[in-house]
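**Q** Counting from 1 along the sequence shown, just add 1106 to a position and that's the residue number in the numbering used here.
A virtual CB, placed ideally from N, CA and C, is assigned to each residue, including glycine.
Since we're looking at a predicted model, the values are computed, not measured.
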Amino acid sequence: MTAPEPPDPGTAAAPALPAPSRPAHRWGIPAALAVLAVNLVGFTLGPILAGEGFVAETYVLAIMAPTLLAGAAALAFSVWRGCGPVADFGLPRSWAEFRDQLGVGLLGGGIALLGALILAAILVVALGIDAADSPLTALVGLPTGWKLLLVAWVWFGAPLGEELMFRGMLWGALERRPDRWWGRPIGVLTITTVVFAMWHQEWWRLPVLLWGGAAMGFARLRGRSVFSSWVAHSLNNTLPALSLLLLL
1107 MTAPEPPDPG TAAAPALPAP SRPAHRWGIP AALAVLAVNL VGFTLGPILA
1157 GEGFVAETYV LAIMAPTLLA GAAALAFSVW RGCGPVADFG LPRSWAEFRD
1207 QLGVGLLGGG IALLGALILA AILVVALGID AADSPLTALV GLPTGWKLLL
1257 VAWVWFGAPL GEELMFRGML WGALERRPDR WWGRPIGVLT ITTVVFAMWH
1307 QEWWRLPVLL WGGAAMGFAR LRGRSVFSSW VAHSLNNTLP ALSLLLLL
């Protein structure tokens, strides 16, 4: 009986290679704070630059510009000090990733929307909030074209800008330090949720914002992508977007 011959190195099956990991970015907390500062300065200067007169174009642009500029700053940091938005923010690189991230985003958005409906109903009754006090009443005289632009912004544009700010830049900066509690998944989720909720400065709506922020953070964590949290955020913004449409 002869011993089996060893396999030919040239014909032996090569071991399976692990899936390529996304490269790490080089920006951190200072870059994230700079992006947030752009947004804060924009919302501070917006009313001053707009003046007292109600001009449709100025009003809508003053609402959009701060978050638009902050989102652009986030993308600029990703290109300048990172590996590009696809790698830094976990954007889908294949149809399979797109499908999976979309599913996670829809799940997170559904959780956010359902919770928002319940919490908002409780708060309106408990606090005796009058619909006439809504900031949407200021949009009644807005021309239809500008109102449609604002609807699209509330539904899709603002969520994208805010996700780049909070669950893109801030999230990515925090998770660079997994050796600290605030760099671990639960710490990153908690900090970004609280900052997101408080950033809106709508204190009566704080429970709704905390719930929504946690659901969007779940989508970001589960999908490992800003695309997932953007889908969740856009779905969560369905109610305010539809409220604007009803004013047309």
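Please work out which residues of its chain come closer than 8 Å, Cβ to Cβ, to Gly1148, disregarding the five sequence neighbours upstream and downstream, and give them in chain order.
**A** The count along the sequence shown starts at 1 and reaches residue 1148 at position 42. Taken in chain order, the residues that qualify are Ala1171, Pro1172, Thr1173, Leu1175, Ala1176.
**Q** Where do the ends of the alpha helix (DSSP H) carrying Phe1302 lie?
**A** For the purposes of this step, residue 1302 is identified with residue 196 of the sequence shown, where counting begins at 1. It spans 1291 to 1305 - the alpha helix (DSSP H) in which Phe1302 sits, taken as one unbroken run.
**Q** On the three-pair Cβ rule with 8 Å, is the stretch 1196 to 1215 touching the stretch 1284 to 1297?
**A** With the cut-off at 8 Å, the stretch 1196 to 1215 and the stretch 1284 to 1297 do not touch.
**Q** What's the call for Glu1268, buried or exposed, on a 16-neighbour Cβ count within 10 Å?
**A** By one-based count along the sequence shown, residue 1268 stands at place 162. With 16 or more Cβ atoms within 10 Å of its Cβ, Glu1268 is classed as buried.
**Q** So Leu1350 and Lys1253 are in contact, right, with Cβ under 8 Å, and what is the actual spacing, rounded?
**A** If you number the sequence shown from 1, residue 1350 lands on position 244. If you number the sequence shown from 1, residue 1253 lands on position 147. Contact holds; Cβ gap of about 6 Å.
**Q** Residues in the same chain with beta-carbon distance under 8 Å from Leu1181, minus the five sequence neighbours each way, listed in chain order, please.
**A** Position 75 of the sequence shown holds residue 1181. These residues qualify, in order along the chain: Pro1191, Leu1270.
**Q** From the DSSP output, in three-state form, read off Arg1328 for me.
**A** Position 222 of the sequence shown, counted from the first residue, corresponds to residue 1328. Correct three-state label for Arg1328: helix.
**Q** Is the separation between the beta-carbon of Asn1342 and that of Trp1261 shorter than 7 Å?
**A** The residue labelled residue 1342 in the question sits at position 236 within the sequence shown. The residue labelled residue 1261 in the question sits at position 155 within the sequence shown. The answer is no: Cβ separation not under 7 Å.
**Q** So Phe1204 is in the alpha helix (DSSP H); what residue range does that whole segment cover?
**A** Along the sequence shown, one-based indexing puts residue 1204 at 98. Its alpha helix (DSSP H) spans residues 1201 to 1233.
**Q** In three-state terms, what does DSSP make of Phe1262?
**A** Position 156 of the sequence shown, counted from the first residue, corresponds to residue 1262. DSSP places Phe1262 in helix when its eight states are reduced to three.
**Q** Let's test the definition: count the other Cβ atoms within 10 Å of the Cβ of Ile1217 and tell me whether it reaches 16, buried, or not, exposed.
**A** Your numbering for residue 1217 matches position 111 in the sequence shown. Buried, because 16 or more other Cβ atoms sit within 10 Å of the Cβ of Ile1217.
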